[in-house]
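Taking it in order: structure first as structure tokens, then the write-up.
In structure tokens:
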């Protein structure tokens, strides 16, 4: 580890380094002198203190019997937990896919020239960002209380077929619906930000070349917008992934709910919380790696 | 381009001392010539056209025909009645100080900027509108996009698509706008790249090229649509001085092959060498226009003289 960013003394004498010579010819005289890098004693003190604290923490993880690592190991990959992880992943996937799908539409509504479409998108985003996710989820869960039957047909006219709301919107679909609608509000703003970040000249060039409108968006605007959308979108996906734990209030067997069920039965709270924690960490790591590769794909032709 | 100045140029020249009065006079003349001035400038009867536009000796039809075009951004009137005609095969160079409306004029010609009043036609077709009886219907975006494929535009800052290779930059519009088969478009793009001296850079990304190379790619991209008219908006203003030459050489080459073009530039030497007509604009008006020898060496207007004395 180098303590200073000064070049090593030997290098200062190399001729390639001395492109500009001092007018008084002092360069050669200076080059012969030894350079003593500045010392940082307090930095060393801070390193020592931090190292002791880290060591204590690691020591505690290994030696403290309260962690009950053997219980952790027993439950980490049981079928119940694996099934719960799968449900968490499903919630994340559908929440992201539907959320960003709707978010894309909302973003372009807000960017459209029509004040009505703009207003609707703005209101949607305002409303869904204002309502806490947990409140929203409970609303969707109780949808059947508001609308007993859902009917498809002509608006305000006759209906063709209808469903029993209770049967259609089960706990799982209520959760997906809630997560996706909530996510859409945030996704819309992220996509809009990305589109606004694309240089105006790109649109002018595309328009001047007569490229059809949809193609302009798909081929010219979105790939460039992706550069600034992706880091934010990855944040959202990861936060949604962990946010699925909120769905446990609806008694859906996702990871956090299942862990609670298990420790409710056997009383081993800490090791089971660790089971959930490690799964969340592992899968977040996978998402981060994925993000890296997706970002690389969209950075073609970019310098940074 | 016809040698006459059009009514506005003449009036502006006559009433030079007071800009405000000159503008009023221009309006009066325009309104007198125009029986029913409307938003989009209804078409003039043929008699008026003949009076306004002296057909050149060769009888070549106007490729670009700009008539009494006005354009404001908010309260600021950028174009105050522009009349300009460019014949097929002619090279018109537009000079003038910053903010004189040169770029705006160029952008109205391919409808990147909508005019407030007046009309523009390119190769006999009205730009941005369709005439039906005595009404002008605004074109749909798709139709405007189609019109633009016949007009090449080269920007000051190139505006190449940074996420596409040089080849894909050139191929994009022929494939998506003209529905050419990709293979045919690629072959054409390779020929164009060779023509601008960049045959070996097809697989590069724009940011890997110098400014001069990027602008040559942008020119190749505009040429890929085989436009009838090329518009250049200060094509060398964003370049290092030593890169200007390579871009101007490509444009000169196009000029010698008889491409119709309008070039907005500050390169007086280029204007002298290549232009058939030099147009000098100031404050939203065409102050004077004529052959390079007339405008650059014997300017009739004080404003032109003052401008040239600063840039030469």
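Residue numbers (full-length UniProt numbering), protein chains in the order written: chain A, 1 to 304; chain B, 1 to 312.
By construction, the Cβ of each residue, glycine as well, lies at the ideal position given by its N, Cα and C atoms.
Please compile the residues from chain B whose C-beta is within a distance smaller than 8 Å of the C-beta of residue 212(A).
When 8 Å is used as the limit between beta carbons, residue 212(A) is near these residues of chain B: 142, 145, 176 and 177, in chain order.
Please state whether DSSP places residue 33(A) in a helix, a strand or coil.
coil
Check the C-beta distance from residue 217(B) over to residue 169(B) and give it rounded, since I have them as a contact under 8 Å.
Contact between residue 217(B) and residue 169(B) holds: their C-beta atoms lie close to 6 Å from each other, under 8 Å.
Considering only their Cβ atoms, is the gap separating residue 287(B) from residue 303(B) smaller than 7 Å?
yes
Could you name each continuous alpha helix (DSSP H) segment of 4 residues or more that falls completely within the stretch 88-120 of chain B, going from the start of the chain to the end?
102-109
Do residue 269(B) and residue 247(B) come within 7 Å of each other at the CB atom, strictly closer than that value?
no
Within 8 Å, do at least three Cβ pairs link the stretch 176-188 of chain B to the stretch 233-243 of chain B?
no
Could you pull out every residue in the same chain whose Cβ sits closer than 6 Å to the Cβ of residue 221(B), ignoring the five residues on either side in sequence?
169 and 170
Rounded to whole angstroms, what's the CA-CA distance from residue 200(A) to residue 41(A)? Just pull it up for me.
52 Å
Within 10 angstroms of the Cβ of residue 83(B), are there 16 or more other Cβ atoms? Answer buried if so, exposed if not.
buried
Kindly say whether residue 161(B), judged by its beta-carbon, lies nearer than 7 Å to any beta-carbon of chain A.
yes
Can you pull the chain A neighbours of residue 172(B), defined as C-beta to C-beta under 9 Å?
206, 209, 211, 215, 219 and 220
Report the neighbours of residue 302(A) on chain B: residues whose CB is nearer than 9 Å to its CB, in chain order.
By Cβ distance, chain B contributes 162, 163, 205 and 207.
Measure the alpha-carbon distance for residue 118(A) versus residue 194(A) and round it to whole angstroms.
Residue 118(A) and residue 194(A): Cα-Cα distance of roughly 17 Å.
Residues in its own chain within less than 6 Å of residue 351(A) by CB, not counting five upstream and five downstream?
Because residue 351(A) is not part of the residues shown, which for chain A are 1 to 304, the question remains open.
DSSP three-state label for residue 154(B), please.
strand
Between residue 201(A) and chain B, is there a C-beta pair that is closer than 7 Å?
Under the Cβ criterion of 7 Å, residue 201(A) is counted among the residues facing chain B.
From the beta carbon of residue 148(B), is the nearest beta carbon of chain A less than 7 Å away?
yes
Is the Cβ of residue 73(B) closer than 7 Å to any Cβ of chain A?
no
Would you say residue 232(B) lies against chain A (beta-carbon separation less than 7 Å)?
no
Out of 228(A), 203(A) and 227(A), state which residue places its alpha-carbon closest to the alpha-carbon of residue 216(A).
203(A)
Could you check how far apart the C-beta atoms of residue 185(A) and residue 110(A) are, in whole angstroms? I think they sit under 8 Å.
The pair is not a contact, with the Cβ atoms about 11 Å apart (cut-off 8 Å).
Would DSSP call residue 72(B) helix, strand or coil?
If DSSP states are grouped into helix, strand and coil, residue 72(B) belongs with the strands.
Would you check if the distance between the CB atom of residue 69(B) and the CB atom of residue 122(B) is smaller than 7 Å?
no
Within the same chain, show all residues whose beta-carbon is closer than 8 Å to that of residue 193(B), passing over the 5 residues directly before and after it, in chain order.
Cβ neighbours of residue 193(B) beyond the five flanking positions: 166, 167, 170, 199, 201, 202, 217 and 220.
Closer than 7 Å, CB to CB, is residue 153(B) near chain A or not?
yes
Are the stretch 176-190 of chain A and the stretch 102-109 of chain A touching by the rule of at least three beta carbon pairs closer than 8 Å?
The stretch 176-190 of chain A makes contact with the stretch 102-109 of chain A; the number of CB pairs closer than 8 Å reaches 3 or more.
Can we say the stretch 305-312 of chain B touches the stretch 102-114 of chain B, given the rule of at least three CB pairs closer than 8 Å?
no
Nearer than 6 Å: is that true of the beta carbon of residue 291(A) relative to any heavy atom of the ligand ZN?
What this structure holds is no ligand at all, so the ligand ZN is not there to describe.
Quick one: what's got a C-beta closer than 7 Å to residue 114(A)'s C-beta in the same chain, skipping five residues either side?
There are no such residues.
For chain E, check one thing: does any of its Cβ atoms lie closer than 7 Å to the Cβ of residue 223(A)?
Absence of chain E from the displayed structure is noted, the protein chains being A and B.
Bridge partners for residue 277(B) per DSSP, in chain order?
Answer is 92(B), bridged to residue 277(B).
Can you give me the start and stop residues for the alpha helix (DSSP H) that residue 274(A) sits inside?
269-297
In terms of alpha-carbon separation, which member of 173(B), 278(B), 133(B) and 132(B) lies closest to residue 147(B)?
173(B)
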